[in-house]
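Shown next, in structure tokens, is the structure this report addresses.
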Amino acid sequence: MSWDDFTACAGRDGEILVEIGEDGVKEIAGLWKMLPQDVKAMLIAAARWGGVYLEAALAAVGIAAAEAIAAVAAGAGLGVIMAVIMDCYDHL
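So, in structure tokens, the structure goes:
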């Protein structure tokens with residue numbers, strides 16, 4: 009599949025992922041699948057506190073696109089981003 013197929017699958021929610029880009033989405037999805045539940049909970053909690061905290065938390069777990077993800081998540085919410093990525097990831 010392709011990036012266009014992925015964003016078509018995601019619909020309006022996919023627009024929030026354009027800023028992260030295809031490589032960022034693939035990186036996030038791969039790492040998210042491997043993260044323990046407590047780390048996922050930490051990232052979601054950091055997202056609720058704001059972009060600076062989320063950016064630091066993402067960087068701490070090794071996500072290189074931390075700044076772009078934090079900027080997008082501040083507007084949309086990390087839960088929304090992860091739901092869209094996981095629901096449509098097979099289209100990439």
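Start counting at 1 in the sequence shown, then tack on 8, and there's your number in my numbering.
Here a beta-carbon is modelled for each residue, glycine too, at the ideal position from N, C-alpha and C.
With respect to the alpha helix (DSSP H) encompassing residue i, which residues constitute its N-terminal and C-terminal limits?
i, result
"G22", "Neither: G22 is in no alpha helix (DSSP H) and is coded neither H nor E."
"I52", "Q45 to W57"
Helix, strand or coil, according to DSSP, for residue i in the structure here?
i, result
"E27", "coil"
"L100", "coil"
"G87", "helix"
"G70", "coil"
Identify, in the order they occur along the chain, each residue of the same chain with its Cβ nearer than 6 Å to the Cβ of residue i, setting aside the five sequence neighbours on each side.
i, result
"G22", "T15"
Looking only at its own chain, which residues have a Cβ that is under 8 Å from the Cβ of residue i, when we skip the five neighbours before and after it?
i, result
"E30", "W11, F14 and L100"
Count the other C-beta atoms from every protein chain shown that fall within 10 angstroms of the C-beta of residue i, then say buried if there are 16 or more, exposed otherwise.
i, result
"A18", "buried"
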